[in-house]
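For this note's numbering, count along the sequence shown from 1 and bump the result up by 401. We put the beta carbon where it would ideally sit given N, CA and C, even for glycine. Inspection log for the structure reproduced underneath, given as C-alpha cells.
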Amino acid sequence: MYGLYSYPFHIEMEGITIDVTEKNGIYNYIRECCGKKFKTLIAADKGKIHINPVEPVNLPQNITRFLEIDIDRILIAPNTEEKLYLTFPIEIGVFLESGNDIEIVDLFTRTDPKYSLYGTPTDGNIVRYSKSSIYKELPEIDILKEGVLEFNIINNDSSIHSVSKAVFDGYGMKMYYGEDLVSMIAHMKIYQKNNATTEFLNLPILPDMEKSIELYMTRNISVMKKNYMMEWGFD
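Next up, the structure:
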C-alpha cells in the first residue's frame, strides 16, 4: 500500500480501502478503515498521492508529540552498548503532492491509541503509550499497524542500570518503509541514574528503503531540538 500513486486509483488491503475517482474535472478521495469513512475533494489535475507511515502521535487528536515504549526490564552492564529490536505503533498518512508543495490529505490508523503520563503531574509529559516485546533479531510485523525500532542502549556510566521504558520526541522521528518493513533507528544514552537522552538517527534498518514524509514538516512546525531528556527515569 505504501508508495507514490497517480490518480485515479483504487487500492484495498487488510481492511483499508482508498479510492480516488474523477468527475467533471474534480477528484473524489474516499478512504474506509476500521468502520470509519473519510471523504474529501481534490482539484489538482497533475498531482500525485503519497501513502506512507507517519509519527504515531497525532490521533485521535493532537494530544502530545511524545511516544513511550515500555519493555520488560533489562539490565545493561557498565560502559557498554546493547542493540535491541522493539515494535512501535504507526499511523498512516496520505499526502497530495502538487507543484512544489506537499499537503496532508488524510490520516488514520488501524491501532487503538492509548495515552499515559511520563513524569510528575505538574511537570511531566503526556505520552502516546505502547508496549513492546524485546527481540535480538528483526521480528515479523504487520506493516500497516506497526514498525520495528532498532534501539541502541548506550550505558556511559560505570554502574549497572535497568531499563524498562524509553520516551521519544515524535518531531525527531525518521521513519523508513519497504515492502515488508517499517523501521526507525534510535539510541538511548545513559549518563547516570534517572538521567538519559533518546534520539533518532536518519538511517534505514535495511538498504533500499524509502524515507517517509514527516508529518510535522508539512505543518510548517519549526523544531530546534529533536532529542528527548528522560529526567524522570527509565525504569
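Quiz item: Enumerated in chain order, which unbroken segments of the beta strand (DSSP E) with a length of 3 residues or greater are wholly contained in the stretch 487-530?
Solution: Fully enclosed beta strand (DSSP E) runs of 3 or longer: 492-499, 502-509, 515-519.
Exercise. With DSSP as the reference, please indicate the residues paired to S597 in a beta bridge.
Key: Within the sequence shown, numbered from 1, the residue matching residue 597 stands at position 196. Here the sequence assigns Ala to residue 597, which means Ser is not the residue at that position. DSSP output for A597 lists I591, M631 as bridge partner(s).
Quiz item: Can you list, in chain order, the residues of its chain whose CB lies under 8 Å from that of E547, leaving out five sequence neighbours each side?
Solution: Within the sequence shown, residue 547 is the residue found at index 146, counting from 1. For E547, where only same-chain residues beyond five positions count, the Cβ hits under 8 Å are T488, F489, P490, I491, T512, V583.
Quiz item: Considering only residues of the same chain and omitting the five flanking positions on each side of G494, which have a CB-CB separation below 7 Å?
Solution: Counted from its first residue, the sequence shown places residue 494 at position 93. Around G494: N453, V455, I505, L508, I614, L616.
Exercise. Identify, in the order they occur along the chain, each residue of the same chain with its Cβ nearer than 7 Å to the Cβ of K590, setting aside the five sequence neighbours on each side.
Key: Here residue 590 refers to the residue found at position 189 of the sequence shown. Here the set comprises I555, N557, A597, T598.
Self-check item: N- and C-terminal bounds of the beta strand (DSSP E) containing L604
Solution: Looking up residue 604 in the sequence shown gives position 203. Careful: L604 lies outside any beta strand (DSSP E) and carries neither H nor E.
Exercise. Below 7 Å CB to CB, which residues in the same chain sit around I412 once its five sequence neighbours on both sides are set aside?
Key: By 1-based counting over the sequence shown, the position of residue 412 is 11. M402, I419.
Exercise. Check the C-beta distance from N603 over to K575 and give it rounded, since I have them as a contact under 8 Å.
Key: Within the sequence shown, residue 603 is the residue found at index 202, counting from 1. Within the sequence shown, residue 575 is the residue found at index 174, counting from 1. The Cβ separation is near 4 Å, so the contact holds.
Quiz item: Around the C-beta of G641, are 16 or more other C-beta atoms found within 10 angstroms, so that it is buried, or is it exposed?
Solution: Only positions 402 to 636 of the chain appear in the structure, and residue 641 is not among them; the question remains open.
Quiz prompt | Three-way DSSP call (helix, strand, coil) for L460 in this model | solution = As a first step, residue 460 must be located in the sequence shown, where it is residue number 59. In the structure shown, L460 sits in coil (DSSP, three-state: anything other than H, G, I, E or B).
Quiz item: With distances taken between CB atoms, is the gap from A445 to S407 smaller than 7 Å?
Solution: The residue labelled residue 445 in the question sits at position 44 within the sequence shown. The residue labelled residue 407 in the question sits at position 6 within the sequence shown. No. Outside cutoff.
Quiz item: Is it true that the CB of K449 sits closer than 7 Å to the CB of L405?
Solution: In the sequence shown, counting from the first residue as 1, residue 405 sits at position 4. In the sequence shown, counting from the first residue as 1, residue 449 sits at position 48. In contact: L405 and K449 (Cβ atoms closer than 7 Å).
Quiz item: With burial defined as no fewer than 16 other Cβ atoms inside 10 Å of the residue's Cβ, what is the status of K566: buried or exposed?
Solution: Position 165 of the sequence shown, counted from the start, is the residue given in the question as residue 566. Around the Cβ of K566, a 10 Å sphere holds 16 or more other Cβ atoms; the residue is buried.
Quiz item: Of all the beta strand (DSSP E) runs that stay within the bounds of the stretch 415-470, which reach a length of 3 or more residues?
Solution: 417-424, 427-434, 437-443, 449-455
Quiz item: Closest by CA to E580, which one among V568, E611, E600?
Solution: Reading the sequence shown from its first residue, position 179 is the one you call residue 580. For the residues V568, E611, E600, the minimum Cα distance to E580 belongs to E611.
Quiz item: So, helix, strand or coil for Y572, using DSSP?
Solution: Taking the sequence shown and counting its residues from 1, the one referred to as residue 572 is at position 171. If DSSP states are grouped into helix, strand and coil, Y572 belongs with the helices.
Quiz item: In three-state terms, what does DSSP make of Y403?
Solution: What you label residue 403 is simply residue 2 of the sequence shown in a count that begins at 1. It is coil, neither helix nor strand.
Quiz item: Between the C-alpha atoms of T523 and E632, what's the straight-line distance to the nearest angstrom?
Solution: The count along the sequence shown starts at 1 and reaches residue 523 at position 122. The count along the sequence shown starts at 1 and reaches residue 632 at position 231. Between T523 and E632, the alpha-carbon positions lie close to 14 Å from each other.
Self-check item: Pair within 7 Å by beta-carbon distance, F601 and G571
Solution: Taking the first residue of the sequence shown as position 1, residue 601 is located at position 200. Taking the first residue of the sequence shown as position 1, residue 571 is located at position 170. Their beta carbons are not under 7 Å apart, which means F601 does not touch G571 by this criterion.
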